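This report refers to the structure that appears directly beneath it.
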Amino acid sequence: MKLHSESPAQVAKNPLILMRFTPFIVGSTAAFVPFSYRSHSVLSTLRAAPSFNIDFTEGIEPGESKVDLPDVKLPSFPSDVELPSLPTDVKLPSLPTDLKLPSLPSDVKLPSFPSDVKLPSLPSDVKLPSLPSDLALPEVSLPPLPTLPTLPSLDVESLNLSPEATSFLVNFPSYTQPAIDYLSQIPNLFNVATFGPQLFWLLMIVPKVDQSPVAKAIMRPYTVPLLFSLVHLGIVSLSITAEGGTAPIAEFAGVFDPAGEPQKAMVGMMTYPNFVTEEWSHVLTWDLWVGRWIWLDGMKRGVFTPHSVLLCNLIGPPGLLLHIATGIVQGKGFPNDDAIGEEVESKVRMDEITVSSATKFMS
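Just so we're aligned, residue 1427 is where the sequence shown starts under our numbering, counting upward by one.
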């Protein structure tokens, strides 16, 4: 359809042109009339709606901080409106009641350990060696210690000694009694065995002092190690003669029972104070003997010994091993018996000097 643009004057003069636009005009009017009616209805409804004029400050006194809002009820959902629901005849799928999970067949059995298989065990007729329960150790009664011989009575005044010498001889028993009382107690002998040798160890440990004439005069003879051997013997003697002074023999036998618990037996033995004292002085005395031998061997072969003697005093046998290693490092080789020979020779010379001095004194 081709539209022509004519002016209004041309339309008024020519009715045919107006007739050409008549269908367009009629259609536009028919569409506008319902729209105008609907718009008028909406405006009328809004004009008729009630207006809300709420005063929120009503009822509040000046100075009050609390504000109570009026009760405003919100419109509720219409009661005649029902939400759609699932139909009652719709059921969710479920597992069938006759469904059973698969199980192992009843005739299938899991493997088990055969009942007729027995683990190997020791034969019933094999018994580990142990001390018999009815073993009765023989009672050993030690002979009493011999009493020291008494000195014959001596008329001191007939000796024609000086007053000082006479007084000393008369009071000698009173001088020695405190020492005898002290040494008759095992705890005191423990102290003697522990602290007594330390001064003599220093004579062999301190460099330059170990090569001095004083150290050689004191430590070359057997005097010092024999003295502390006697201290150990005194501890053993007092422990044996004292009531309950020694550990039971059965417990001591447990230390050498390979089928038992030797270490546990030894720990039990250490609960006896006298046994501890005997073992302690035992160890210290042997350490002194070995340390002195290391010192003598070092002087004989020219081996440095202070560190070895010190270690021997502290932990015993490792000091001897250190001395052997030191001799090898210094090119001196292993120890030999020359040190012992020199020791014996030195002892003989000392005995000769002692006898000669005593002979001169008596003459």
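Idealized CB from N, CA, C, for every residue including glycine. None of the values given here were measured: they were computed from a predicted structure.
Contact between the stretch 1613 to 1627 and the stretch 1704 to 1712 is present, with at least three C-beta pairs closer than 8 Å. DSSP, read as helix, strand or coil, puts residue 1645 in helix. Linking residue 1523 to residue 1517 through their CA atoms gives a straight-line distance of about 15 Å. Counted as a single uninterrupted DSSP element, the stretch harbouring residue 1685 is not any alpha helix (DSSP H), since DSSP gives it neither H nor E.
Measuring C-alpha to C-alpha distances from residue 1611 to each of 1667, 1535, 1593 identifies 1667 as the nearest. Ranked by Cα distance from residue 1762, the first of 1727, 1587, 1560 is 1727. For residue 1497, the three-state secondary structure derived from DSSP is coil. Per DSSP, the unbroken alpha helix (DSSP H) holding residue 1707 starts and ends at 1699 to 1727. Residue 1587 carries a coil assignment under DSSP once its states are collapsed to helix, strand and coil. In the three-state reduction of the DSSP assignment, residue 1751 falls in the helix class, which pools H, G and I. Residue environment: residue 1737 is assigned as buried (16 or more neighbouring CB atoms within 10 Å of its CB, all protein chains considered).
Counting the other CB atoms within 10 Å of its CB gives residue 1753 a total of 16 or more, which places it among the buried residues. Classified as buried, residue 1704 has 16 or more neighbouring CB atoms from the shown chains inside 10 Å of its CB. Every alpha helix (DSSP H) of 4 residues or more that sits fully in the stretch 1605 to 1673 is shown, in chain order, as 1612 to 1621, 1624 to 1631, 1639 to 1645, 1649 to 1667. The criterion of a C-beta distance shorter than 8 Å is satisfied by residue 1691 and residue 1681. A buried status is given to residue 1720, since no fewer than 16 other beta-carbon atoms sit within 10 Å of its beta-carbon.
In this structure the stretch 1654 to 1666 touches the stretch 1601 to 1615; the number of beta carbon pairs closer than 8 Å is three or more. The residues 1724, 1752, 1756, in chain order, have a CB closer than 8 Å to that of residue 1730 in the same chain once the five nearest residues on each side in sequence are set aside. Between the alpha carbons of residue 1531 and residue 1540 lies a distance of about 22 Å.
A Cβ-Cβ distance of about 39 Å is found for the pair residue 1699 and residue 1633, leaving them out of contact under the 8 Å criterion. Distance from the Cα of residue 1627 is smallest, within the candidate group 1499, 1651, 1535, for 1651. Cβ contact annotation for residue 1735 (same chain, cutoff 6 Å, sequence separation greater than five): 1630, 1631, 1717, 1720, 1721, in chain order. DSSP places residue 1681 outside any alpha helix (DSSP H), giving it a letter other than H or E.
Annotation: residue 1665 to residue 1551 spans about 43 Å, alpha carbon to alpha carbon. When DSSP states are grouped into helix, strand and coil, residue 1603 belongs to the helix group.
With 16 or more neighbouring CB atoms inside 10 Å of its own CB, residue 1739 falls in the buried class.
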